[in-house]
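*Asks:* To convert, count from 1 in the sequence shown and add 504; that's our numbering. Don't be surprised by glycine CBs; every beta carbon is placed ideally from N, CA and C. I have a structure here, written as structure tokens, and I will follow up with some questions on it.
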Amino acid sequence: MMKFIFCLLALLIQPIVAWYAFHGQDKRQAALKMPVIFFSGVYLAAQFYVFFKYCIRFPERYQIWAYLIQAAILLAFLAIEFLFFGSNRYIERIDKQEQDSICGFKHLIQELELYRMEVADGENQRCVDSLLERMRYADPVSSPAVKAVEARIHDLIAELPGITEQEAFKRKCDEIAKQLEIRKIKNIKEHG
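Structure (structure tokens):
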């Protein structure tokens with residue numbers, strides 16, 4: 505029975521890995537863990553192949569070598585699985601950071617859209633429409649280097665409701681457009 509211990513371990517690992525990959529997660533997170541499932545199956549096949557092809561034929565006095573070979577396969581499997589787990593955590597962290605950075609810029613667009621509904625003057629509305637058009641086609645991912653620029657854009661948008669004169673309104677919109685261009689340049693430099 506001791507000869508089969510690593511084969512039994514390989515079988516017992518399968519439901520544990522499957523539970524980890526699919527339990528209580530959305531589809532995207534489960535998809536990230538598919539390589540874990542695949543490699544678990546590769547480990548099971550490799551363990552059985554090595555055992556039944558080679559290790560079962562070792563004489564009793566060399567059985568320690570069979571155990572060492574199977575333990576090495578198990579250790580290699582565990583090391584690779586932990587690398588997969590680590591890479592999945594890294595991917596999830598980066599994805600969350602990207603979503604957070606997108607959320608900030610989308611909030612600026614939403615602020616301007618809400619303000620646009622309050623603008624009665626046709627010329628001022630065209631200025632706001634121009635800004636919205638520029639913002640909709642801008643890269644929504646914000647690098648850390650543009651946080652101050654986005655804060656400045658937020659402040660400028662907040663100043664728009666207090667401006668009634670067309671020329672002052674246009675200057676403020678031009679200043680927002682200039683800040684959007686600065687944001688674009690800083691984002692390009694940051695992302696390469």
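#1: My output table needs one value for Tyr524: the three-state DSSP class, helix, strand or coil.
#2: When the distance is taken between beta carbons, is Phe581 closer than 7 Å to Tyr547?
#3: With a CB to CB cut of under 7 Å and the five nearest residues on each side skipped, what residues in its chain are close to Ala570?
#4: For Pro563, does the three-state DSSP call read helix, strand or coil?
#5: According to DSSP, simplified to helix, strand and coil, what is Tyr594?
#6: Considering only residues of the same chain and omitting the five flanking positions on each side of Lys610, which have a CB-CB separation below 8 Å?
#7: Pull up the distance between the alpha-carbon of Ile509 and that of Gln574, whole angstroms please.
#8: State the Cα-Cα distance for the pair Phe586 and Lys507, rounded to the nearest angstrom.
#9: Kindly indicate which residue of Lys688, Glu679, Gln518 has the alpha-carbon position closest to the one of Ala662.
#10: Leaving aside the five residues before and after Gln654 along the sequence, list all residues of the same chain whose C-beta is less than 8 Å from its C-beta, in chain order.
#11: Return yes when the Cβ of Lys537 is within less than 7 Å of the Cβ of Ala522, no when it is not.
#12: Given a cut-off of 7 Å on the beta-carbon distance, is the pair Arg656 and Gln629 in contact?
#13: For the candidate residues Arg640, Glu596, Gln567, Glu637, whose alpha-carbon lies nearest to that of Arg532?
#14: Among residues of its own chain, excluding the 5 on either side of Val623, which ones have a beta-carbon nearer than 7 Å to its beta-carbon?
#15: Using C-beta distances below 7 Å, list every residue in its chain close to Val625, excluding the 5 sequence neighbours before and after it, in chain order.
*Replies:* Reading it off the structure:
#1: helix
#2: yes
#3: Excluding its 5 nearest sequence neighbours in each direction, Ala570 has C-beta neighbours in its own chain below 7 Å: Cys559, Phe562, listed in chain order.
#4: Assigned with DSSP and collapsed to three states, Pro563 falls in coil, not helix or strand.
#5: In the structure shown, Tyr594 sits in a helix (DSSP, three-state: H, G or I).
#6: Pro644
#7: 9 Å
#8: 26 Å
#9: Per the C-alpha coordinates, the member of Lys688, Glu679, Gln518 positioned closest to Ala662 is Glu679.
#10: Residue identity check: residue 654 is Glu in the sequence provided, not Gln. Excluding the 5 residues flanking it on each side, Glu654 has same chain C-beta neighbours closer than 8 Å at Gly608, Phe609, Leu612, Ser646, Arg687, in chain order.
#11: Contact: no.
#12: no
#13: Nearest C-alpha to Arg532: Glu596.
#14: Gln629, Val632
#15: The question names Val, but residue 625 is Asp in the sequence shown. Closer than 7 Å at the Cβ level, and outside the excluded window around Asp625, lie Gln670.
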